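What follows is a single structure, written as structure tokens, with notes after it.
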Amino acid sequence: MARELVKIKGGAGGFQLMVDSSAELADVQQELEKKLSEHPEFFPKGTEFQLVVADLSRSVRSGLKEFLTDKGLSVSAGSQSLPKRQEQQDRAVRGYAQPFQAGQQAGGLTGEQQVMTVINRTVRNGEEITSQGSVMICGNVNPGAKIVAAGSIDVRGNCRGIVHAGAMGDYQAFVVADRLMPMQIRIANLIARSPDNPEKSDYAEKAYIKDGQIIIEPIER
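Right, here's the structure in full:
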């Protein structure tokens, strides 16, 4: 997997912008431009980012500020130390093919996800739900529906649509559902597509990244 220069993570106080301190400004701007353009609905004008890196050079910090300001976005004055990336750990996905790449508890959304969108109904064909944090669906996700979250996704029902967790590059994000049978699962930039004849699951399951691929495991609610 290629080195990730920029990571954006949603939280209660806005977005955290994590930058590889060894990267060149032009490379950082290019990757940031790509992430912003993939999900423009997450970043309306006035959105503020907090730089989460202590040893970023003054020139890169200044260049990022100018880059974001030109887009109507901003960078907060404070910064934090960049947390050590959790080591990724290999297990095949249950029945899911993975042909290309595009601090949690097993039973639900916990850890650093502090912003949650709660939907108390079924998400139907053609609907798309997006969130700058995590999403909980208290109902089904029907075929043809799409859920996109910067954080994790929890479906308290059948999940048969398309789900994309960690959309801003959060490799610690995950998807859980009472019956996890989606057409496609994405976590960060990894994709797992459904087999032609997916088996029906009678227990809750969790999809997350381990050793650079998406795996699915049964969980207890």
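In case it helps, my numbering puts the sequence shown at residues 463 to 683. For glycine and all other residues, C-beta sits at the position ideal for the given N, C-alpha and C. Remember, predicted model here, so these are calculated numbers, not experimental data.
| Query | Result |
| --- | --- |
| D664, buried or exposed, once every other Cβ within 10 Å from all chains shown has been counted against 16 | exposed |
| For F511 and L535, the rounded distance between their alpha carbons | 8 Å |
| Residues that M598 bridges to, as DSSP identifies them | V580 and D616 |
| Whether C600 touches R622 by CB criterion (8 Å) | no |
| Close Cβ partners of N587 (< 7 Å) along its chain, the five nearest in sequence each way excluded | N604, P605, G606 and A607 |
| Exposure label - Q478; buried when at least 16 CB within 10 Å | buried |
| Reduced DSSP secondary structure (H/G/I, E/B, other) of K682 | Looking at the sequence provided, one finds Glu at residue 682 rather than Lys. It is coil, neither helix nor strand. |
| Close Cβ partners of T509 (< 6 Å) along its chain, the five nearest in sequence each way excluded | L535 |
| Among L526, G628 and N602, the one whose alpha carbon lies nearest that of A612 | G628 |
| Distance, A485 Cα to L467 Cα | 7 Å |
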